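Below you'll find the structure, written out as structure tokens, and then a few comments.
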Amino acid sequence: MFCLVKIHFVRLVRFLCCLPLRARVIVMLPAKGSMMQRPFQEFSLGLSGIFGKNRKTESMNELELNFNASGVEKRSGSDERRERMPLAARMRPRTLEEYCGQSHILAPGKLLRRAIDSDNFSSIILSGPPGVGKTSLAELIASSTDAAFIRLSGVTSTVADIRREIVMAKERRSNSGRRTILFVDEIHRFNRAQQDSLLPDVESGVVRLIGATTFNPQFYVVNALMSRSLNFQLEVLSQEDIKKLLNHALTDERGFGKLQVEVEPGAMDFFAEVCEGDGRRSLNALEMAVLSTPVAEDGIIHVTLEVAEESVQKKLVNYDDDAHYDTASAFIKSMRGSDPDAAVYYLAKMLHAGEDIRFIARRMVILASEDIGNADPRAITLATSAMQAVEFVGMPEARIILSQAATYLATAPKSNAAYNAINEALEDVQKNRVQPIPFALRDPNSAGGKANCHGKDYIYPHATGGFAVQDYLSVPKKYYKVAGAGYEAKIKERLDYFDQLRAAAQTAGGGEK
Numbered sequence: 015m016f017c018l019v020k021i022h023f024v025r026l027v028r029f030l031c032c033l034p035l036r037a038r039v040i041v042m043l044p045a046k047g048s049m050m051q052r053p054f055q056e057f058s059l060g061l062s063g064i065f066g067k068n069r070k071t072e073s074m075n076e077l078e079l080n081f082n083a084s085g086v087e088k089r090s091g092s093d094e095r096r097e098r099m100p101l102a103a104r105m106r107p108r109t110l111e112e113y114c115g116q117s118h119i120l121a122p123g124k125l126l127r128r129a130i131d132s133d134n135f136s137s138i139i140l141s142g143p144p145g146v147g148k149t150s151l152a153e154l155i156a157s158s159t160d161a162a163f164i165r166l167s168g169v170t171s172t173v174a175d176i177r178r179e180i181v182m183a184k185e186r187r188s189n190s191g192r193r194t195i196l197f198v199d200e201i202h203r204f205n206r207a208q209q210d211s212l213l214p215d216v217e218s219g220v221v222r223l224i225g226a227t228t229f230n231p232q233f234y235v236v237n238a239l240m241s242r243s244l245n246f247q248l249e250v251l252s253q254e255d256i257k258k259l260l261n262h263a264l265t266d267e268r269g270f271g272k273l274q275v276e277v278e279p280g281a282m283d284f285f286a287e288v289c290e291g292d293g294r295r296s297l298n299a300l301e302m303a304v305l306s307t308p309v310a311e312d313g314i315i316h317v318t319l320e321v322a323e324e325s326v327q328k329k330l331v332n333y334d335d336d337a338h339y340d341t342a343s344a345f346i347k348s349m350r351g352s353d354p355d356a357a358v359y360y361l362a363k364m365l366h367a368g369e370d371i372r373f374i375a376r377r378m379v380i381l382a383s384e385d386i387g388n389a390d391p392r393a394i395t396l397a398t399s400a401m402q403a404v405e406f407v408g409m410p411e412a413r414i415i416l417s418q419a420a421t422y423l424a425t426a427p428k429s430n431a432a433y434n435a436i437n438e439a440l441e442d443v444q445k446n447r448v449q450p451i452p453f454a455l456r457d458p459n460s461a462g463g464k465a466n467c468h469g470k471d472y473i474y475p476h477a478t479g480g481f482a483v484q485d486y487l488s489v490p491k492k493y494y495k496v497a498g499a500g501y502e503a504k505i506k507e508r509l510d511y512f513d514q515l516r517a518a519a520q521t522a523g524g525g526e527k
């Protein structure tokens with residue numbers, strides 16, 4: 015009996031699998047209590063899980079499989095799912111003409127546009143900050159070239175996932191001749207082994223790789239993969255691009271085209287400026303503003319500047335690894351270039367992004383010695399005090415201490431003489447023969463020093479007015495070369511005076527270097 019049940023069950027499964035997609039089938043199950051009821055119940059529960067419909071409240075004597083027989087139901091369900099998607103997802107561009115920004119690589123005649131139009135490229139690496147259209151561009155490339163689009167995530171995908179998709183790409187190419195674009199989002203998350211696993215099939219053309227990363231691919235993508243790919247840097251969207259994107263969302267039916275929405279010019283300008291060139295962030299802000307604003311008496315949703323400001327609680331700035339180092343570099347170079355206004359601006363950007371105040375203070379201590387040095391000896395003292403103070407005080411008051419230190423260092427006289435001196439001396443030590451120490455300068459208290467009379471001819475400078483003409487270095491070499499900025503002007507006067515005394519002693523023949 016059990017074998018008979020199994021045979022009928024298998025036949026039913028085969029029968030259902032052969033039905034057209036739009037068929038509507040009603041399967042009458044055996045009466046309750048019969049031996050054939052349980053397998054059919056399990057089968058019906060399995061199908062209900064597959065098609066996502068809850069059958070617990072329905073009679074187990076009848077299993078209704080609705081393969082979307084009604085086209086109206088399909089469209090309404092699709093519309094309902096689309097409306098539940100975020101605005102940024104609904105408004106993904108469908109053509110290159112709808113794509114906003116990146117004209118430096120997508121304008122007619124540019125390299126990437128020519129490669130897409132001619133369908134002649136192997137692999138592409140797209141890098142740039144979040145929200146500038148890397149994923150949308152990858153999808154458009156796939157649709158423009160009539161290729162299958164497979165998406166993997168550098169965060170969740172494994173080597174097994176890569177190999178499975180490559181096998182399917184080979185079968186697809188063998189059966190239909192259709193190419194496959196393998197899009198790897200956050201490709202910098204792939205380790206070296208995962209990236210290397212792509213190399214043979216990328217090189218042979220089994221898949222066309224499009225990798226997207228928010229980091230510098232030169233540091234995060236293996237060289238072998240970079241050499242086989244075109245590398246394109248995507249830039250943040252301009253304010254005009256953001257406005258174009260938002261206006262399109264207001265008029266397109268996928269967005270708010272079915273609603274009456276008016277966005278004040280001031281609110282539109284605010285969205286375009288506060289979102290820092292991030293298209294996704296601007297669309298999310300617009301969606302929040304529209305959905306949280308009640309319809310006015312005139313039947314229109316009015317998005318004012320006040321509503322726009324409330325929809326963006328805090329302005330976010332792009333501050334990934336590259337932005338971290340770029341901003342710190344601009345901060346240091348602004349102080350070195352004696353521009354306190356630029357230095358304070360970059361300081362504010364770092365503080366707003368949540369930069370470690372100890373990192374900022376350490377950088378200023380280094381600058382005080384490297385770029386100011388003895389031109390203002392107080393700079394290193396002030397920078398060190400600021401570093402200790404921000405550690406003790408903390409934010410938000412630490413911003414005042416950092417601002418004082420940054421503006422002082424920016425306006426202080428500059429000299430890198432001490433910095434150049436140690437670098438040149440280190441180079442001599444590393445590359446040239448180490449100079450012997452003059453006997454007069456060696457330690458006279460050691461066993462060897464006593465035996466060889468080290469220090470016998472040493473002239474004590476305090477006994478001769480604070481300066482003594484004697485040989486301190488075996489070769490005539492100048493490392494500390496001051497130009498005379500700030501306090502170093504007085505230092506230069508003393509050094510010139512000492513040089514005159516040495517020259518006079520050498521002329522008289524009564525002294526050494």
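Residue numbers (my numbering): 15 to 527. Where a beta carbon is used, it is the ideal one built from N, C-alpha and C, also for glycine. A quick note: this is a predicted structure, and the numbers were derived from the prediction, not measured.
Minimum length 4: unbroken alpha helix (DSSP H) runs contained in the stretch 295-365
Those alpha helix (DSSP H) runs which fall completely within the stretch 295-365 and span 4+ residues are 319-325, 335-350.
Determine the burial state of I436: buried for a count of at least 16 other Cβ atoms within 10 Å of its Cβ, exposed for fewer.
Counting from 1 along the sequence shown, the entry for residue 436 is found at position 422. So I436 ends up on the exposed side.
For my contact list, V483 and A519 are in at a C-beta cut-off of 8 Å; report their separation, rounded to the angstrom.
Taking the first residue of the sequence shown as 1, we reach residue 483 at position 469. Taking the first residue of the sequence shown as 1, we reach residue 519 at position 505. With 8 Å as the limit, V483 and A519 qualify as a contact, their Cβ atoms being about 4 Å apart.
Go ahead and label P410 buried or exposed: buried means 16 or more other beta carbons lie within 10 angstroms of its beta carbon, across all protein chains shown.
By 1-based counting over the sequence shown, the position of residue 410 is 396. By the C-beta density criterion, P410 is exposed, having fewer than 16 other C-beta atoms within 10 angstroms.
Would you mind reading off the limits of the beta strand (DSSP E) that contains D199?
The residue you call residue 199 lines up with position 185 of the sequence shown. Residues 194-199.
Look at the Cβ atom of I139, then the Cβ atom of S296, and state whether they are nearer than 8 Å.
Numbered from 1 along the sequence shown, position 125 holds the residue referred to as residue 139. Numbered from 1 along the sequence shown, position 282 holds the residue referred to as residue 296. No. Outside cutoff.
Pop quiz: S429 and G351 are said to be a contact at Cβ under 8 Å. What is the actual Cβ separation, rounded to whole angstroms?
Position 415 of the sequence shown, counted from the start, is the residue given in the question as residue 429. Position 337 of the sequence shown, counted from the start, is the residue given in the question as residue 351. No, S429 and G351 are not in contact; Cβ-Cβ is about 14 Å, not under 8 Å.
Is it buried or exposed for I451, if we count other Cβ within 10 angstroms and need 16 for buried?
Here the question's residue 451 lines up with position 437 in the sequence shown. A residue is called buried when at least 16 other Cβ atoms come within 10 angstroms of its Cβ; I451 does not meet this threshold and is exposed.
With a cut-off of 8 Å, does the C-beta of E111 fall near any C-beta of chain B?
As a matter of chain content, chain B is missing from the structure shown, which is built from one protein chain.
Within the stretch 430-473, note down every full alpha helix (DSSP H) run reaching 4 residues or more, in order along the chain.
431-445, 461-465
I'd like to know whether the C-beta atoms of S348 and A299 end up nearer to each other than 8 Å.
Within the sequence shown, numbered from 1, the residue matching residue 348 stands at position 334. Within the sequence shown, numbered from 1, the residue matching residue 299 stands at position 285. Result no, Cβ atoms of S348 and A299 do not sit closer than 8 Å.
Just mark R141 as buried or exposed, buried being the case when its beta carbon has 16 or more other beta carbons within 10 Å.
Counting from one through the sequence shown, the residue named residue 141 turns up at place 127. The sequence given here places Ser at residue 141; Arg does not occur at that position. Buried is the call here.
What is the residue span of the alpha helix (DSSP H) that R392 lies within?
Your numbering for residue 392 matches position 378 in the sequence shown. It spans 392-407 - the alpha helix (DSSP H) in which R392 sits, taken as one unbroken run.
So, is I176 buried or exposed, given that buried needs 16 or more other C-beta atoms within 10 angstroms?
What you label residue 176 is simply residue 162 of the sequence shown in a count that begins at 1. Per the 10 Å Cβ criterion, buried.
T172 (DSSP reduced to helix, strand or coil)
By 1-based counting over the sequence shown, the position of residue 172 is 158. Correct three-state label for T172: coil.
Using CA coordinates, which residue listed in I224, G280, T478, T421 is at the minimum distance from V358?
Numbered from 1 along the sequence shown, position 344 holds the residue referred to as residue 358. It is T421 whose Cα lies nearest to the Cα of V358.
May I ask you to report which of helix, strand or coil DSSP gives P382?
Against the sequence shown, residue 382 aligns to sequence position 368. Just to set this straight, residue 382 is Ala in the shown sequence, not Pro. In the three-state DSSP reduction, A382 falls in the helix class (H, G or I).
Apart from the five residues just before and just after F270, which ones in its own chain have a Cβ nearer than 7 Å to its Cβ?
If you number the sequence shown from 1, residue 270 lands on position 256. A263, L264, V304.
Bridge partners - I164, DSSP secondary structure assignment:
For this step, residue 164 is matched to residue 150 along the sequence shown. L196, per the DSSP bridge assignment.
May I ask you to list the residues that DSSP assigns as paired with A226?
Taking the sequence shown and counting its residues from 1, one reaches residue 226 at position 212. The partner list for A226 (beta bridge, DSSP) reads L140, D199.
K272: which of G368, R206, I315 sits nearest, CA to CA?
Position 258 of the sequence shown, counted from the first residue, corresponds to residue 272. Residue I315 is the option with its Cα nearest to K272.
If you check the beta carbons only, do E153 and L166 fall under 8 Å apart?
Sequence index remark: in the sequence shown, residue 153 carries index 139 (1-based). Sequence index remark: in the sequence shown, residue 166 carries index 152 (1-based). Their beta carbons are not under 8 Å apart, which means E153 does not touch L166 by this criterion.
Whole-number beta carbon distance between A161 and R128, since they are thought to touch under 8 Å:
Counting from 1 along the sequence shown, the entry for residue 128 is found at position 114. Counting from 1 along the sequence shown, the entry for residue 161 is found at position 147. With 8 Å as the limit, R128 and A161 do not qualify as a contact, their Cβ atoms being about 17 Å apart.
Among A286, E267, F233, Q449, nearest to D255 - alpha-carbon criterion
Translated into the one-based positions of the sequence shown, residue 255 becomes position 241. Ranking the options by Cα distance to D255, first place goes to A286.
L244 - partner residues in DSSP beta bridges
Position 230 of the sequence shown, counting from 1, holds the residue named residue 244. In DSSP, L244 forms a bridge with I138.
Nearest neighbour of A403, chosen from M182, D390, V379 [CA to CA]:
Along the sequence shown, one-based indexing puts residue 403 at 389. Here the closest residue by C-alpha is V379.
Since I believe I505 is in contact with N388 (beta carbons under 8 Å), could you give me their beta-carbon distance rounded to a whole number of angstroms?
As a working note, residue 388 is residue 374 in the sequence shown. As a working note, residue 505 is residue 491 in the sequence shown. Rounded, the Cβ-Cβ distance is 6 Å, consistent with contact.
Please identify the residue among P143, V321, L239, S306 whose C-alpha is closest to the C-alpha of V216.
Reading the sequence shown from its first residue, position 202 is the one you call residue 216. Among P143, V321, L239, S306, the Cα nearest to that of V216 is on L239.
Reference K184; option with closest CA among Q208, V221, S158, S157:
Along the sequence shown, one-based indexing puts residue 184 at 170. Ranking Q208, V221, S158, S157 by Cα distance to K184 puts V221 first.
Is it right to say D390 is buried, meaning 16 or more other beta carbons lie within 10 angstroms of its own, or is it exposed?
As a position in the sequence shown, residue 390 is number 376, starting the count at 1. By the neighbour-count rule (16 or more Cβ atoms within 10 Å), D390 is buried.
Go to V277, then tell me how far its beta strand (DSSP E) extends in each direction, as first and last residue.
For the purposes of this step, residue 277 is taken as the residue at position 263 of the sequence shown. First-last of the beta strand (DSSP E) with V277: 275-277.
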